[in-house]
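Just so we're aligned, residue 0 is where the sequence shown starts under numbering that gives the first Met the number 0, counting upward by one.
Ideal Cβ positions, reconstructed from N, Cα and C, are used throughout, including at glycine.
Worksheet for the structure shown next.
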Amino acid sequence: MKSPGNSKYVKKLNRMTIVNIIKENELISRQQLAELTGLTPPAITGIIRELIDTGFVKEVGLGESQGGRRPVSLQFNSEAGYVIGIEITSQEITVALADLKNMPTSIQRMKVAMKDPNAAVKELIHIINQVIFHKEHKSKKFLGIAIAFPGMLHGQEGTVKRAVNLGKEWNGFPLKSILENEFAMPVFIETNSKVAALGEKWFGGGTSCENLIYINMGEGISAGIIMGECIVQGSQGYAGQIGHTVMIEQGALCNCGNRGCLETICGIPAILRKVNAELPFIAGEDALKKYLGSGKEIGIKDLLEVAFKEESYAREVLRQANRYVALATSHMINLYNPDAVFIGGKLAMVAEFFREEFREVIASHTFSEVEDATAIVISKLGADSGVIGACALALKKILKTPNTEIFDEIVDDREQKYKG
């Protein structure tokens, strides 16, 4: 005999299944839903009634007849709700808006000092309120907020475990609970590279990939791993931390406390420290030296501009960083055997520029049949991969997780209105 709890879960699961079938089909009938799910017509009718009443599904005319009356066609209403996606980095906050089906829009970036978590979150709350209360969004129903965060988190709590690129002040910071209390809606938080991998799976080049890896090349180096529909987490959420794989024994000290981590070679701060320290002592003429007399340190844009223009010290620095990232990528391929590896982040264009060398390193360190079968793809989501992935995370939690309470809350609201 099924317990009431089990029955409630089964109902949630059935509702989630039906929503996603309707979402994935332009038009579909109740009869087709019954055939695809094995649910009885009365069960289908009850669930569809709820979904129509709550706005997630709409009736849009008559479909093709298979004999007898023409069935009423159903369509997913992508504008029934909206989600807000956010990416946090050490220097800025990026925010985007997405409906329940389409590519996120209205992507905006704002420079924000992140050292003090309380001040940073105060600014974040202001940014979210600007989105919610924008004059064009007054009629929109917001269902959730998701954040791509540059650090490790305590599971479902959304409390910061460690964020080496933001600072120790963030350790233990209850980011999720603060935002949920402020906005009275679900808040989902996940590590940025894992979120970016999800963005590739939902909106990027990975829609047809069963298994994929996303490598983030930016301030830090990290990986997001998708196997089937699942983000690989590891027992404590540390899966994919390739930036803290030791590549050089007794190398430079990393923010994590170890020495010789990949991030100490290939992360943007490490690259710029190396360049600004070494360039004055480089013999002969070099295009990068024109920046020395400007009174400011060389930035990543300066470095990329020179490296892509001509053979130079800048190009050699980036070539070396590229080879180390390629070596780390080969380790990931050997471990997970993905269909594709997507390279994204602020330095993805480095892997694109040195594409042949990147592929050569992988070929030298993987089985030939595995290397041949693994696509290496520069992400077309570009610098927006994190914020787009955050929108994908919110949609996945809302539309594909039976335990998410959002549908229940909306249905309960409807029933209360009817009782009133």
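Query                                                                                                                                                                      : Result
Is the beta carbon of residue 264 closer than 8 Å to that of residue 278?                                                                                                  : no
Roughly how many whole angstroms lie between the Cα atoms of residue 117 and residue 58?                                                                                   : 47 Å
Among the residues of its own chain, which have a CB less than 6 Å from the CB of residue 45, if the five just before and after it don't count?                            : none
Anyone know if the C-beta pair for residue 144 and residue 393 falls short of 8 Å?                                                                                         : yes
Pop quiz: residue 106 and residue 383 are said to be a contact at Cβ under 8 Å. What is the actual Cβ separation, rounded to whole angstroms?                              : 6 Å
My output table needs one value for residue 260: the three-state DSSP class, helix, strand or coil.                                                                        : strand
Once the 5 residues before and after residue 20 are set aside, which same chain residues still bring their CB inside 8 Å of it?                                            : 27, 32, 35 and 36
Which residue wins for smallest C-alpha separation from residue 385, given the options 83, 300, 198 and 51?                                                                : 198
Would you report the Cα separation of residue 320 and residue 270, rounded to the nearest angstrom?                                                                        : 8 Å
Helix, strand or coil: how does DSSP classify residue 153 here?                                                                                                            : strand
What would DSSP say about residue 300, mapped onto helix, strand or coil?                                                                                                  : helix
Do you know whose CA, among 90, 95 and 262, lies nearest residue 84's CA?                                                                                                  : 95
Is residue 333 helix, strand or coil when you go by DSSP?                                                                                                                  : helix
Of the residues 138, 215 and 53, which one's Cα is nearest the Cα of residue 346?                                                                                          : 215
Residues in its own chain within less than 7 Å of residue 328 by CB, not counting five upstream and five downstream?                                                       : 214, 340 and 361
On the DSSP bridge list, what partners appear for residue 74?                                                                                                              : 57
Counting Cβ pairs closer than 8 Å, one from the segment 177-185 and one from the segment 129-144, do we hit at least three?                                                : yes
Can you tell me whether DSSP reads residue 349 as helix, strand or coil?                                                                                                   : helix
For residue 229, count the other beta carbons within 10 Å of its own beta carbon; 16 or more makes it buried, fewer makes it exposed. Which is it?                         : exposed
Check for me: the beta strand (DSSP E) holding residue 210 runs from which residue to which?                                                                               : 210-216
Helix, strand or coil, according to DSSP, for residue 221 in the structure here?                                                                                           : strand
Among all the DSSP beta bridges, which residues are the ones paired with residue 96?                                                                                       : 83 and 104
Can you give me the start and stop residues for the alpha helix (DSSP H) that residue 121 sits inside?                                                                     : 116-131
In chain order, which continuous runs of the beta strand (DSSP E) of length 3 or greater are located wholly inside the segment 138-198?                                    : 141-148, 151-153, 158-161 and 186-190
So what does DSSP say about residue 390, is it helix, strand or coil?                                                                                                      : helix
Take residue 70 as the anchor and find which of 77, 78, 60 and 79 has the nearest alpha-carbon.                                                                            : 60
Going by DSSP, what residue range makes up the beta strand (DSSP E) through residue 366?                                                                                   : Residue 366 -> no beta strand (DSSP E), and no H or E assigned at all.
When the Cβ atoms of the segment 349-360 are set against those of the segment 199-208, are three or more pairs found closer than 8 Å?                                      : no
Could you give the DSSP three-state label for residue 356: helix, strand or coil?                                                                                          : helix
Where does the unbroken beta strand (DSSP E) through residue 343 begin, and where does it stop?                                                                            : 339-343
Would you kindly check if the distance between the Cβ of residue 223 and the Cβ of residue 175 is under 8 Å?                                                               : no
By the DSSP assignment, the alpha helix (DSSP H) with residue 47 in it spans what residues?                                                                                : 40-52
Using only CA atoms, which one of 76, 152, 14 and 41 lies nearest to residue 233?                                                                                          : 152
At what residues does the alpha helix (DSSP H) containing residue 269 begin and finish?                                                                                    : 267-277
When the distance is taken between beta carbons, is residue 202 closer than 8 Å to residue 380?                                                                            : yes
With a threshold of 8 Å on Cβ separation, who are the neighbours of residue 326 within its own chain once the five nearest residues in sequence on each side are excluded? : 246, 360 and 364
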